[in-house]
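Worksheet: the structure to be examined is printed underneath.
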Amino acid sequence: MFGLLASCAPSVPDETTRRIPQFENENVEVWKSIIYPSQPLSMHRHDNPRAIIALKGGTLNVVNQNGQSHDMTWESGKAYWLEADTPGELHGDVNEGTDPIEVIVVQIKDN
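Position one of the sequence shown corresponds to residue 0 (the numbering used here), numbered consecutively onward.
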């Protein structure tokens, strides 16, 4: 019976860009992002600074709402610091490589 129900459940593709919550408290929010090639992240912003730990590195093309872009390259096993985004500015991220990029993001919260 359970096997039949499981086989009827909708499946989520393994190769979908996604954010997976890891940990949160009053000081930080931590998530894992998996960014697959040619699956852009929607426009968003980071109001707080954050550390990025590259589990599987690569290069992201970061595009702001005005169409200006720059590349961010992360090496596997290294950590990076990113300041909060410019107030009012949104950006989207695109993995233009051939392999997924996996990072842990540790975003500092306002206290």
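Ideal Cβ placement from N, Cα and C applies to all residues, glycine included.
Checklist entry - Under three-state DSSP, which class holds N26? => result Working through the sequence shown from its first residue, we reach residue 26 at position 27. Residue state, collapsed to three classes: coil.
Tell me whether H45 sits in a helix, a strand or coil according to DSSP, three-state version.
Against the sequence shown, residue 45 aligns to sequence position 46. Note: H45 maps to coil in three-state DSSP.
query = Is the number of C-beta pairs between the region 16–34 and the region 60–68 that are closer than 8 Å three or more?
reply = no
DSSP state of M0 mapped onto helix, strand, coil | Along the sequence shown, one-based indexing puts residue 0 at 1. Residue placement at M0 is flagged as unreliable, the pLDDT there being 46, under the threshold of 50; the coordinate-derived value follows with that caveat. In this structure, M0 counts as coil in the three-state DSSP scheme.
- Query: Start and end of the beta strand (DSSP E) containing N63?
  - Reply: Working through the sequence shown from its first residue, we reach residue 63 at position 64. It spans G57 to N63 - the beta strand (DSSP E) in which N63 sits, taken as one unbroken run.
Hey, would you say G56 sits closer than 7 Å to G96, going by beta carbons?
Walking along the sequence shown from the start, residue 56 turns up at place 57. Walking along the sequence shown from the start, residue 96 turns up at place 97. Cβ atoms of G56 and G96: not closer than 7 Å.
Checklist entry - What did DSSP end up calling D109 once you bin it into helix, strand or coil? => result On the sequence shown, position 110 is the one that residue 109 refers to. DSSP places D109 in coil when its eight states are reduced to three.
(message) How far does the beta strand (DSSP E) with Y79 in it extend, from its first residue to its last?
(response) If you number the sequence shown from 1, residue 79 lands on position 80. Element bounds for Y79: A78 to L81.
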